[in-house]
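Report on one structure; see the data block that follows.
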Amino acid sequence: YHVSDLRTQLGRIIGLEQCMPAVLIGAGHLGSVIAVNIDFPAYGFYLTGIFDIVPTVCGQVLGGLTVQHMTQLSDFCEQVHPAAAVLCIPEHAAQAVADDLVHLGVHGFWNFSHCDLEVDRNTIQVENVHLGDSLMALSYRLHQDGGNE
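One gets this note's numbering by counting positions in the sequence shown from 1 and adding 28 to each.
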């Protein structure tokens, strides 16, 4: 196989050639790391806005974008029409924010909020990321391979 040709074809199949707009909600520790270190266009998205409720976080620049207050999210979504949202917010706030975003036209979530969102799975796509699960999987594999010696 010609790896570069294969990569190009897979990118077309997955839809990486047409980047979709996304917003990041929650610019705390995890959100900041994601905003600065994830190459969104390499995965089919471009980050258009970052939002938080903490006044001292708002106004900071992360990954070239200025963090805006959540009160600006509705107007922003009406103008930009993000397809997806990255949720890096506490579990207790995630469902309400997701519901608001669905009403604003978002139809995909990369959810780091340590809860499973309740949305219409026929129209809304959700990728829940439970970091503890992957750490537990690593622990299991190390114990199975004798890595605890």
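The C-beta atom is built at its ideal place from N, Cα and C for all residues, glycine as well.
| query | How many Å lie between glutamine 172 and histidine 142 at the Cα? | reply | Straight-line measurement puts the Cα of histidine 142 at about 27 Å from the Cα of glutamine 172.
| query | Regarding valine 64 and the ligand ZN, is the C-beta to nearest heavy atom distance less than 7 Å? | reply | By its list of ligands, the structure shown contains no ligand whatsoever, and the ligand ZN lies outside what it can speak to.
| request: Measure from the alpha carbon of alanine 121 to the alpha carbon of each residue in Ala63, Met98 and Asp67, then state which is nearest. | output: Residue Met98 is the option with its Cα nearest to alanine 121.
| request: On the DSSP bridge assignment, give the partners of valine 183 in chain order. | output: No information on residue 183 is available, as it lies outside the stretch 29 to 177 that the chain covers here.
| task | Spatial neighbours of tyrosine 74 within its chain, please: CB distance less than 8 Å, with the 5 preceding and 5 following residues excluded, ordered by chain position. | result | Counting only residues of its own chain and dropping the five nearest sequence neighbours on each side, tyrosine 74 has a CB closer than 8 Å to the CB of Cys47, Met48, Pro49, Ala50 and Phe68.
| said: So, with DSSP's three-state summary, where would you put threonine 151? | reply: It is coil, neither helix nor strand.
| Alpha carbon to alpha carbon, how far is serine 162 from phenylalanine 140? | Their Cα atoms are separated by approximately 13 Å.
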